[in-house]
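**Q** To convert, note that position 323 of the sequence shown is 323 in the UniProt record's numbering; the numbers rise steadily by one, no gaps. All residues carry an ideal CB built from backbone N, CA and C; glycine is no exception. Please read these numbers as outputs of a predicted model, since none were measured by experiment. Have a look at this one.
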Amino acid sequence: MFRLGLLLALPVIASGHLCLLSPTQRGGYPDVNSAGANSCFRQTAPCGGIEAGGDDYLEKWEGGQQIFIKWQQNFNHYEIGFPGYMDISYAPYNTSDWQLLAFAPDVYVYAQDYLKNYTTFVVVPNIDCPHCVIRARYASHKPGEGTFYQCSDVTITPSSERKEIEPEPRLMKHKEYRNAMQKFKWYKRPAKDDPVSLELSLRGFGYSPMEDDDTYFVNVTFDGDMKAFNKFNFGVDFNIKSKERLNKRLSVGRRQLLEDAQRKHIDPAHMMFVLDAVTTVNKQNNMLVMFHDDSSMDVPATKLMEIDSQFATILYNSEISNLNGRPINAIMAEDEGLLYTFSVVPSEDLSKGYDFIIGKISPQNGSLFIHYEEILRSGPEPLYVNFQWAELDADNKRMFVLMGNENSPARLKARIYTYDLKELKQSSMVELDVSNYGFMDIRYYRKKDKLYTLSPGLFLLNSYYYEPKCNYTLLEIDPTTGSVNPVFTISNPGDFRCYYGGAIFNGLDQSTGVLYHVLNMPDIGSDVIAMVDIENELTTFSQFTNLKFVHNLALTRNVF
């Protein structure tokens, strides 16, 4: 069983009327069951104005240990049109080197008198920290409310031993913890049967809108450790960056751009970010992403950024020439360094629909400009214009594209378009059988010459009275016929949230036939990574963790 430690396990609950219950916040919470409790109302940064106690107040943790975090949102201050967030970070005592551990959006419940408990699990980072502070914040965005803070204090001792999850008696009083331990038994495998491999890991961007000018490049290994390699001064997708900080980094030309944008009531500080869900991994195991650096949100991203996955440094962030205003929906790396792209653009006669464009770019380290070339165009298409996923068969020079029907919001009709990159033509287009399953992504498995995906089936999201219960199933798809065949079911009904998402870029390991996918457990507030062995029809799961704040997760090999 892989042990993922994505949130570093230390909570501090954010209190916009919030209390941290486990581990216990500074000063305790004697009135936590009262609406508007004073102990849940602390607004002085960084820890609500409550100083740390002595060493006797430090909770003792070991690296690799799985930790249960629980907090109560005592009052809900959801702001319609501008919802807030909660996040959890940690830092050594008396420092401001906060590392993001978890992120959660606010939810609309109408009544402020909420008294709602939230939980999640994290794996303690394997570090030596005699006194670490766990900070939680709640930025409500509600007029007159501001940001709320709570802190807890822990000591972390590094460990060379792998930690197995065993129920802690002191936590069994929490029903959420009891439910989690019961659920974990279904997925747990003995450590001796599940050696930890460090050859693979996940990389992505850790980002919270509450720290909108900072993004961390993170590495998540399957032994329960997560490390932030580097911090970058940009966000993920649309973000709110401070003008003052941006001005310090702008060249004269960029300052002029800022002034021009301000005259047009546009803040370019909002416009510098990595695109979410547009990522690929090249043969050097480096991540490539699209970067938006323009004063207008109406201008598509025009830069390609390559990040060294070993050292978390930006190798280049270069302008792509000849894009001519077209957006790039997907980038896919070929073994020889060439990148293929997919775009959806309006047809010349817009009344007929949209064209699908295949392009290629050849990145060169250190170059200021990268040239884009359109190599294939198909269309027009009036209905199947919702891009979902693109997958490359590099060996046979084929591209598979999953598209959804714009006018099928309930039935979720979908097609797979196959493109021949040798002959430069669309070789087929097939309708998928959506009678039993919905589709959000596809994975090409070279050995079987088939596409695979995990699907929660079909469910309704418009009910306020119940949470739908889904079975996740591994599906095999024939891209030439559109036939969909269930391979095996990987979960029990209701174990995971019904959700068309959780895909990991580069997420099918061609050498082992294992597909990686993130699943969410709504009753626990945690995530797990499912590792689905296609050949042996077997699924193993990571420890409970929290991946909600990590974007563009991609599977990489740790061989450099």
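#1: Quick one: what's got a C-beta closer than 6 Å to Tyr384's C-beta in the same chain, skipping five residues either side?
#2: Counting along the chain, where does the beta strand (DSSP E) carrying Gly206 start and finish?
#3: Taking Lys469 as the reference, give the member of Asn520, Gly27 and Tyr207 with the closest Cα.
#4: Compare the C-alpha of Val487 against each of Glu537, Ile442 and Val514 and name the closest.
#5: Beta strand (DSSP E) containing Lys19: first to last residue?
#6: I'd like to know whether the C-beta atoms of Gly359 and Ile375 end up nearer to each other than 8 Å.
#7: Does the segment 46–65 come close enough to the segment 522–532 to have 3 or more Cβ pairs within less than 8 Å?
#8: With a CB to CB cut of under 6 Å and the five nearest residues on each side skipped, what residues in its chain are close to Lys227?
#9: Select from Trp71, Tyr138, Phe148 and Ile127 the residue whose C-alpha is nearest the C-alpha of residue 566.
#10: Take every Cβ of the segment 312–319, pair it with every Cβ of the segment 327–341, and state whether three or more of those distances are shorter than 8 Å.
#11: What number of angstroms, rounded off, separates the C-alpha of Ile266 from the C-alpha of Asp293?
#12: Using a beta-carbon distance below 8 Å, is Leu458 in contact with chain D?
#13: Considering only the alpha carbon of each residue, which of Ile134, Pro92, Cys129 and Ser159 lies closest to Gly48?
#14: By the three-class DSSP mapping on this structure, what secondary structure does Tyr177 have?
#15: In whole angstroms, what is the alpha-carbon distance linking residue 601 and Ala91?
#16: Going along the chain, which unbroken runs of the beta strand (DSSP E) with 3 or more residues stay wholly within the segment 99–154?
#17: Could you check which residue in Phe400, Gly146 and Pro158 has the C-alpha nearest to that of Pro130?
#18: In its own chain, which residues sit with a C-beta less than 8 Å from the C-beta of His307, not counting the 5 before and 5 after it?
#19: What does the Cβ neighbour count give for Phe549, buried or exposed, with the cut at 16 atoms within 10 Å?
#20: Are the beta-carbon atoms belonging to Phe69 and Thr120 less than 8 Å from one another?
#21: Could you check which residue in Arg203, Ile477, Glu59 and Ser201 has the C-alpha nearest to that of Cys132?
#22: Assign Pro169 to one of three DSSP states: helix, strand, or coil.
#23: Along the beta strand (DSSP E) that carries Arg497, what are the first and last residues, could you check?
#24: Nearest CA to the CA of Tyr437: which residue from Leu424, Leu475 and Leu451?
#25: So for Ser251, helix, strand or coil by DSSP?
#26: Asp97 lies in the beta strand (DSSP E); which residues open and close that run?
#27: Using DSSP bridges, identify the partner residues of Pro346.
#28: Could you work out which residue in Thr539, Gly502 and Asn230 is closest to Asn552 when comparing CA atoms only?
#29: State the Cα-Cα distance for the pair Phe273 and Phe291, rounded to the nearest angstrom.
#30: Taking Asp449 as the reference, give the member of Leu424, Lys422, Glu145 and Leu392 with the closest Cα.
#31: Mind checking whether Phe505 and Val528 have CB atoms under 8 Å apart?
#32: Please work out which residues of its chain come closer than 7 Å, Cβ to Cβ, to Arg443, disregarding the five sequence neighbours upstream and downstream, and give them in chain order.
#33: Would you list the one or two residues that DSSP bridges to Tyr419?
#34: Among Leu18, Gly494, Arg42 and Asp420, whose alpha-carbon lies nearest the alpha-carbon of Ala35?
#35: Closer than 7 Å by C-beta to Asp237: which residues in its own chain qualify, once you throw out the five before and the five after it? Chain order, please.
#36: Count the other C-beta atoms from every protein chain shown that fall within 10 angstroms of the C-beta of Arg178, then say buried if there are 16 or more, exposed otherwise.
**A** So, from the data block:
#1: Walking along the sequence shown from the start, residue 384 turns up at place 384. Answer for Tyr384: Met403, Asn405 and Arg415, listed in chain order.
#2: Stepping through the sequence shown from its first residue, residue 206 is reached at position 206. Leu200 to Gly206 is the extent of the beta strand (DSSP E) around Gly206.
#3: Translated into positions along the sequence shown, residue 469 becomes position 469. Per the Cα distances, Asn520.
#4: Along the sequence shown, one-based indexing puts residue 487 at 487. Residue Glu537 is the option with its Cα nearest to Val487.
#5: The residue labelled residue 19 in the question sits at position 19 within the sequence shown. According to the sequence as given, residue 19 is Cys; it is not Lys. Element bounds for Cys19: Leu18 to Ser22.
#6: Within the sequence shown, numbered from 1, the residue matching residue 359 stands at position 359. Within the sequence shown, numbered from 1, the residue matching residue 375 stands at position 375. In this structure, Ile375 lies closer than 8 Å to Gly359 by Cβ.
#7: no
#8: By one-based count along the sequence shown, residue 227 stands at place 227. Result list for Lys227: Asn219, in chain order.
#9: This structure cannot settle anything about residue 566, because the visible part of the chain is limited to 1 through 560.
#10: no
#11: For the purposes of this step, residue 266 is taken as residue 266 along the sequence shown, with counting starting at 1. For the purposes of this step, residue 293 is taken as residue 293 along the sequence shown, with counting starting at 1. Only weak support exists for where Ile266 lies, its pLDDT of 41 falling under 50; the value from the coordinates is given anyway. One C-alpha to the other measures close to 13 Å.
#12: This model lacks chain D altogether; it includes just one protein chain.
#13: Locating residue 48 in the sequence shown gives position 48, where the first residue counts as 1. Nearest of Ile134, Pro92, Cys129 and Ser159 to Gly48, Cα basis: Ile134.
#14: Position 177 of the sequence shown, counting from 1, holds the residue named residue 177. If DSSP states are grouped into helix, strand and coil, Tyr177 belongs with the helices.
#15: Since the displayed the chain opens at 1 and closes at 560, residue 601 lies outside it and no answer follows.
#16: 99–105, 113–123 and 129–139
#17: Position 130 of the sequence shown holds residue 130. The candidate whose alpha carbon is nearest that of Pro130 is Pro158.
#18: What you label residue 307 is simply residue 307 of the sequence shown in a count that begins at 1. Per the sequence presented here, residue 307 reads as Ile, with His not at that position. Contacts found: Phe217, Asn286, Met287, Leu288, Val289, Thr313, Ile314 and Leu315.
#19: Walking along the sequence shown from the start, residue 549 turns up at place 549. Flag for Phe549 reads buried.
#20: Along the sequence shown, one-based indexing puts residue 69 at 69. Along the sequence shown, one-based indexing puts residue 120 at 120. For the sequence presented, residue 69 should be read as Ile rather than Phe. Yes, the Cβ-Cβ distance between Ile69 and Thr120 is below 8 Å.
#21: As a position in the sequence shown, residue 132 is number 132, starting the count at 1. It is Glu59.
#22: By one-based count along the sequence shown, residue 169 stands at place 169. Of the three classes helix, strand and coil, the one that applies to Pro169 here is helix, per DSSP.
#23: In the sequence shown, residue 497 corresponds to position 497, counting from 1. Note, Arg497: premise wrong, no beta strand (DSSP E); not H, not E.
#24: On the sequence shown, position 437 is the one that residue 437 refers to. Comparing Cα positions, the closest option is Leu475.
#25: Locating residue 251 in the sequence shown gives position 251, where the first residue counts as 1. Here the model assigns Ser251 a pLDDT of 39, short of 50, so the residue's position is not dependable and the matter cannot be decided.
#26: Counting from one through the sequence shown, the residue named residue 97 turns up at place 97. It is not in any beta strand (DSSP E) - Asp97 carries neither H nor E in the DSSP assignment.
#27: Position 346 of the sequence shown holds residue 346. Paired residues: Tyr354.
#28: Here residue 552 refers to the residue found at position 552 when the sequence shown is read from its first residue. Nearest C-alpha to Asn552: Gly502.
#29: Within the sequence shown, the letter at position 273 stands for residue 273. Within the sequence shown, the letter at position 291 stands for residue 291. Spanning the two alpha carbons is a distance of roughly 6 Å.
#30: As a first step, residue 449 is located in the sequence shown; it is residue number 449 there, counting from the start. Comparing Cα positions, the closest option is Leu392.
#31: Indexing the sequence shown from 1 puts residue 505 at position 505. Indexing the sequence shown from 1 puts residue 528 at position 528. No, these two residues do not count as a Cβ contact at 8 Å.
#32: The sequence position of residue 443 within the sequence shown is 443, counting from 1. Only Glu391, Leu451, Tyr452, Thr453, Gly507, Leu508 and Leu515 meet the Cβ criterion.
#33: The residue given as residue 419 occupies position 419 in the sequence shown. For Tyr419, which the question treats as bridged, DSSP gives the partners Met399 and Gln426.
#34: As a working note, residue 35 is residue 35 in the sequence shown. Ranking Leu18, Gly494, Arg42 and Asp420 by Cα distance to Ala35 puts Leu18 first.
#35: The residue you call residue 237 lines up with position 237 of the sequence shown. Excluding residues within five positions, the ones whose Cβ falls inside 7 Å are Phe273, Leu275 and Asp276.
#36: By one-based count along the sequence shown, residue 178 stands at place 178. That one is exposed.
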